[in-house]
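Residue numbers (this note's numbering): 237 to 794.
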Amino acid sequence: MNLGSFNRGAVREKVAQFWQSLRGRLILLFLLTSLVSLAVVGVSVYLQTRAALESAIKTSLAELADLNQATFERWLESRERDIQLVASDTRLQTMNDFYAKSVLDGYFKQLAIYETLAVFKPDGSSLMVVEPGTIDQSAAQAAQVTRNIADREYFQEVMKEGKVVLSQPVFSKGTGNLVLVIVAPIQAYGKTVGVVLGTVPMSDIQAQLTTARVGETGDVYLVNREGLLVSKTRFEDELKQAGQIKERSELELKDTTEGAQRALKGEDGEAVYTGLRGKPVVGIYRYVPSMQWGLIATQDTSEAFHSADHLRNILLVVILASGILAGVMAYFFANQIARPVEEMTAVAEALSLGKVDLEVKHTGKDEIGRLADSFRRMIGYLKLMAGYARSLAERDFRITVEAQSAEDALGNAFQKMVVSLQDALQEVASNASSLKAAAEQLALASNQAGMATSQIAATIQQVARGITQQSEASNRAAGSVEQMARAIDQVAGGAREQTQVVDTVVQITDQLSAVLEQVAGNASAATEGSSSASRAAREGKETVQQTLNGMETIRSKV
């Protein structure tokens, strides 16, 4: 047998026995009660806290998104007004390159955020382009820089609609920056005589979006109508390492998250979904109708709900610590209950084996204490009954048994038994007195019988002596008979001897008569003492009588 498996089996059996015991069940009950209560309270607190925190986070992000949306729209309006202001300058209506250079230089310096300010002719060719590299040049020199935007959609739209148009962001060929192109018509005499174009880098609005980020994982960015990012995400380096983008997030990374899709559908709202990096985020999405863009503000749930998670961890620690404390308290209280129960169980088992010299030490005012008191009273009662039984076993029948109540089956039975035994003993004592008197009479009769026996013995001795004498007499009689026979023979031989023979016969007859009388006397005495001796005497008497009769016959004949 494998010792390890045996030990494991023994351990499992002991563990099973422990949990099946009263102590184990009480500990389990206390633990479950405390842990379930703590778990319910903890889960309730955590869920409520998380819900409140989630609501607060969403509200905060929503306010932030709304603020950024409003800021972005105001920024767009400001850029539109800037270009409209430039386009409304009457000097540009002349479409003169000198005036155009003067106007553009002034606004370029005044506005200071534009990469390019330019005036284009109705055919799409450039009249004047002012950039950081040409601002200090003369009009003739600056005019050497030529551009043509005739094929651009925003140019065609502005020429057709005659209103300010904002293009989708594009990368500037000159600077490589992502810029927003804003064009406004130059109106003269009710006709569009040219177009003012301004390019503003998205970095200007990017600075505002960056300042709106919250925490370590908060992000705010814009997506165009195709879902492409038109502003930087703070996780650009991480996305490069993940291979999701090659150079930059603008116009390269497409946002397919739930927030972006809903925003581009014209919806405003908030949700918890998987963000750009594949991690759960709390996302706020807003629709920007002027550009048909979406503004997205997100924060990782791990950070957004950090307080809730921290609270959860605290609650888990509290529950664990409370569970340990509850376990210790449960063990203590379970022992407080189980130990006296085990003690009384041992007492009950000992009582079932007939032991009564027992003691229950537990005391208390609760139910278990009252149970212990009941056990002590029961032990006292059994000791009392055992004392009664011991007295009866030691033949002490003078005890008085008192039943504890009318329903005391054992006490009443002992009481009846003792009364019955006492009555029986009194009857035995009475019978013993009668027996004593009878014994005395029997002793007297025995003495008399002894005397009679002595007399019978003496009589038997006399009979024996008589029988001996009878035997001797019989022998003598036999000898006399023989002598008689010889005498008869002698009679036949001679008459002279007849007289002698007759005398001899007479003597013999006298002797026989004496013997007969002696035998008769002995037979009478023997008749009183022994029937056997009587019969012997009678037989002897009859024999002697027959002998006498024979002698008389012989005598007559002689």
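Ideal Cβ positions, reconstructed from N, Cα and C, are used throughout, including at glycine. Here the structure is a predicted model, which means the values were calculated and not measured.
Below 8 Å CB to CB, which residues in the same chain sit around residue i once its five sequence neighbours on both sides are set aside?
i: Ala544; result: Tyr282, Thr285, Arg286, Leu289, Glu290
i: Met395; result: Pro358, Pro421, Thr428, Val431
i: Pro516; result: Val508, Tyr509, Thr510, Asp536, Thr537, Ser538
i: Gln305; result: Arg522, Val524, Leu531
i: Ser374; result: Lys337
i: Ile319; result: Val400, Ile418, Val419, Ala420, Val432, Leu433, Gly434
i: Val381; result: Ser362, Val365, Glu367, Thr370
i: Thr581; result: none
Note down, in chain order, each residue of its chain lying with its Cβ closer than 6 Å to the Cβ of residue i, except the 5 sequence neighbours on either side.
i: Leu489; result: Leu465, Ile481
i: Ile604; result: Pro576
i: Gly398; result: Pro421, Thr428
i: Ser403; result: Tyr390, Val417
i: Tyr617; result: none
Exposed or buried, what is residue i when buried is set at 16 or more other beta-carbons lying within 10 Å of its beta-carbon?
i: Gly278; result: buried
i: Glu486; result: buried
i: Ala625; result: exposed
i: Thr269; result: exposed
i: Asn549; result: exposed
i: Gly647; result: buried
i: Val276; result: exposed
i: Leu551; result: buried
i: Val459; result: buried
i: Ser280; result: exposed
i: Phe407; result: exposed
i: Leu752; result: Interpretation of Leu752 is limited by its pLDDT of 49, a score under 50 that renders its predicted location unreliable; no figure is taken from the coordinates.
According to the Cβ coordinates, are residue i and residue j closer than 7 Å?
i: Arg259; j: Ala562; result: no
i: Gly530; j: Ala507; result: no
i: Leu433; j: Ala354; result: yes
i: Ile520; j: Ala533; result: yes
i: Phe344; j: Val365; result: no
i: Leu267; j: Ala639; result: no
i: Val596; j: Arg613; result: no
i: Ala323; j: Gly360; result: no
i: Val339; j: Leu347; result: no
i: Ile635; j: Ser627; result: yes
i: Arg513; j: Phe471; result: yes
i: Gln442; j: Lys468; result: yes
i: Ile560; j: Leu274; result: no
i: Ala814; j: Ile263; result: Nothing can be reported for residue 814: it is not among the residues displayed for the chain, which extend from 237 to 794.
Can you tell me whether DSSP reads residue i as helix, strand or coil?
i: Val596; result: coil
i: Ser485; result: coil
i: Gly278; result: helix
i: Val794; result: At Val794, the pLDDT of 41 sits below 50, so the modelled position is not reliable; the number obtained from the coordinates is stated separately. Coil, per DSSP.
i: Pro576; result: helix
i: Asn243; result: helix
i: Met614; result: helix
i: Gly490; result: Looking at the sequence itself, residue 490 is Lys, so the reference to Gly does not match. Correct three-state label for Lys490: strand.
i: Thr689; result: With a pLDDT of 48 at Thr689, under the threshold of 50, the modelled position of that residue is not reliable, and the figure given next carries that caveat. Helix.
i: Thr636; result: coil
i: Leu752; result: With a pLDDT of only 49 at Leu752, under the threshold of 50, the placement of this residue in the model should not be trusted; the figure read from the coordinates follows. DSSP places Leu752 in helix when its eight states are reduced to three.
i: Thr295; result: helix
i: Asp644; result: coil
i: Val272; result: helix
i: Val664; result: helix
i: Gly563; result: helix
i: Asp302; result: helix
i: Leu416; result: strand
i: Gln404; result: coil
i: Asn384; result: strand
i: Leu264; result: helix
i: Leu556; result: helix
i: Leu465; result: strand
i: Asp333; result: helix
What does DSSP give as the partner residue(s) for residue i in the beta ladder?
i: Gln497; result: Answer by DSSP bridge pairing: none, since Gln497 is not bridged.
i: Glu506; result: Ile520
i: Thr307; result: DSSP output for Thr307 lists no bridge partner at all.
i: Pro421; result: Val431
i: Ala354; result: Val365, Leu433
i: Asp609; result: None; Asp609 has no bridge partner.
i: Gln817; result: Any answer about residue 817 is impossible in this case: the structure gives the chain only from 237 up to 794.
i: Gly530; result: Val459, Tyr523
Less than 7 Å between C-beta atoms, sequence neighbours within five positions excluded: which residues of the same chain meet that for residue i?
i: Glu393; result: Val401
i: Ile349; result: Val436, Asp440
i: Gly463; result: Lys490, Asp491, Thr492, Ala496, Leu500
i: Leu661; result: Phe633
i: Glu309; result: Val524, Ser526
i: Leu547; result: Tyr282, Thr285
i: Ala378; result: Lys337, Met364, Val365, Val366, Thr370
i: Gly505; result: Arg498, Tyr521
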